[in-house]
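Here's the structure we're looking at; comments come further down.
So, in structure tokens, the structure goes:
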């Protein structure tokens, strides 16, 4: 019985550790285009979520990613399709709309008047 409990505790510890490793933010190059113009291109923090979803933030989490937008979220709703939104300073959300994964640039998601890239 003690061995079983110890094995379970070790398993949970390993699962917990592996989950934390997957969720660790990475520094990447981000590009945000609005209405065909690049409004931000530079280093940012890439925060992975389940199912390929992610959000981008400034490397300094206390500062906006760009303008008054604290983060940009890309939430996968089905393979190759995502819902994109931005969190404004002050905790309001701004829905940008649906985006399709680019076939030419796999690191980019393209909406009707925006593009979000992270590589």
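Residue numbers (mature numbering (1 follows the signal peptide of the UniProt record, and there is no 0)): -23 to -1, 1 to 96.
Beta carbons: idealized from backbone N, C-alpha and C, even for Gly.
For residue 80, there is no enclosing beta strand (DSSP E), as DSSP marks it with neither H nor E.
Sorting 89, 21, 10 by C-alpha distance to the C-alpha of residue 31 places 21 at the top. Less than 7 Å divides the Cβ of residue 93 from the Cβ of residue 49. The Cβ atoms of residue 28 and residue 53 sit closer than 7 Å to each other.
When the beta-carbon positions are compared, residue 45 and residue 65 come within less than 7 Å of each other.
In chain order, 51, 59, 61, 76, 77, 78, 79, 92, 93, 94 place their CB closer than 8 Å to the CB of residue 86, counting only its own chain and leaving out the 5 sequence neighbours on each side.
Burial state of residue 69 is exposed, judged by a 10 Å Cβ sphere holding fewer than 16 other Cβ atoms. Going by DSSP, residue 24 is part of the beta strand (DSSP E) stretching over 14 to 25. The bridge partners DSSP lists for residue 10 are 15, 92. With fewer than 16 other CB atoms across the displayed protein chains lying within 10 angstroms of its CB, residue 82 is exposed. Apart from sequence neighbours up to five positions away, the residues of its chain that approach residue 89 with a beta-carbon distance below 7 Å are 74, ordered along the chain.
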